[in-house]
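Residue numbers (this note's numbering): 6 to 224.
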């Protein structure tokens with residue numbers, strides 16, 4: 006079972022999300038919170054795999070909460086909830102360590118699959134959010150970001166990671182062993198001083214290795 010905590014300040018929306026997630030046989034909602042500070046306590050007590058995180062909340066907003074959660078060892082993955090495709094705060098959440106983004110208006114199956122993808126080690130990059138936000142907030146800094154010096158194989162792996170594929174999916178796509186893919190990812194992270202896959206994706210966009218809208222979509 007995938008253990009999920011839902012963090013949303015609007016009671017009706019929170020209850021609706023819980024109902025939707027509970028409809029999936031492999032998802033277990035183990036806690037809820039109405040603000041970021043409460044979320045930190047709930048996560049510490051319930052130890053979920055995924056935190057479904059609203060961005061705009063009282064007391065402690067979603068970005069600050071995401072930063073605190075992802076800074077801890079063995080932290081749960083954060084999947085951001087947003088209401089609009091051009092929500093600029095999503096880019097900040099990406100930098101804070103979020104593993105994906107999903108619209109609150111998404112069909113239930115899409116929400117279930119987003120949770121499953123992130124739980125499996127992948128990332129969820131909704132096409133419209135990816136194109137618009139990366140172009141607006143990340144591409145603007147490319148001139149100041151040095152190129153990534155990668156081997157051809159490392160570059161192939163990073164591009165697939167940026168599309169949201171997990172290590173096992175990258176391995177299948179490139180006909181490699183999963184342990185080999187993990188090795189490539191670790192090498193790139195260490196060489197560029199990156200914390201995790203999320204930072205890797207950000208740098209891949211900023212450096213121009215990955216171009217928004219060109220093979221970055223994943224359904």
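Each residue gets a CB set at the ideal place from its N, CA and C atoms; glycine is no exception.
Distance between beta carbons of residue j and residue i, contact taken as under 8 Å
{"i": "residue 56", "j": "residue 83", "result": "5 Å"}
{"i": "residue 164", "j": "residue 215", "result": "6 Å"}
{"i": "residue 101", "j": "residue 71", "result": "4 Å"}
Range of the contiguous beta strand (DSSP E) that encloses residue i
{"i": "residue 33", "result": "32-38"}
{"i": "residue 86", "result": "82-87"}
Start and end residues, alpha helix (DSSP H) containing residue i
{"i": "residue 29", "result": "Run containing residue 29: none; DSSP gives neither H nor E here."}
{"i": "residue 202", "result": "202-211"}
{"i": "residue 175", "result": "172-179"}
{"i": "residue 74", "result": "67-76"}
{"i": "residue 152", "result": "Where residue 152 is concerned, there is no enclosing alpha helix (DSSP H), given that its DSSP letter is neither H nor E."}
{"i": "residue 165", "result": "157-167"}
CB contact flag (residue i, residue j, <8 Å)
{"i": "residue 54", "j": "residue 8", "result": "yes"}
{"i": "residue 183", "j": "residue 159", "result": "no"}
{"i": "residue 23", "j": "residue 37", "result": "yes"}
{"i": "residue 68", "j": "residue 94", "result": "yes"}
{"i": "residue 86", "j": "residue 59", "result": "yes"}
{"i": "residue 125", "j": "residue 169", "result": "no"}
{"i": "residue 110", "j": "residue 153", "result": "no"}
{"i": "residue 162", "j": "residue 186", "result": "yes"}
{"i": "residue 34", "j": "residue 12", "result": "no"}
{"i": "residue 5", "j": "residue 205", "result": "Nothing can be reported for residue 5, as the shown portion of the chain is limited to 6 through 224."}
Assigned secondary structure, residue i (DSSP; H/G/I helix, E/B strand, else coil)
{"i": "residue 16", "result": "helix"}
{"i": "residue 215", "result": "coil"}
{"i": "residue 10", "result": "strand"}
{"i": "residue 64", "result": "coil"}
{"i": "residue 105", "result": "strand"}
{"i": "residue 199", "result": "coil"}
{"i": "residue 57", "result": "strand"}
With 16 other Cβ atoms within 10 Å as the buried cut-off, status of residue i
{"i": "residue 88", "result": "exposed"}
{"i": "residue 172", "result": "buried"}
{"i": "residue 203", "result": "buried"}
{"i": "residue 16", "result": "exposed"}
{"i": "residue 6", "result": "exposed"}
{"i": "residue 104", "result": "buried"}
{"i": "residue 209", "result": "buried"}
Check: residue i C-beta below 7 Å from any heavy atom of the ligand HEM
{"i": "residue 62", "result": "Judged by which ligands are present, the structure shown has none, so any question about the ligand HEM falls away."}
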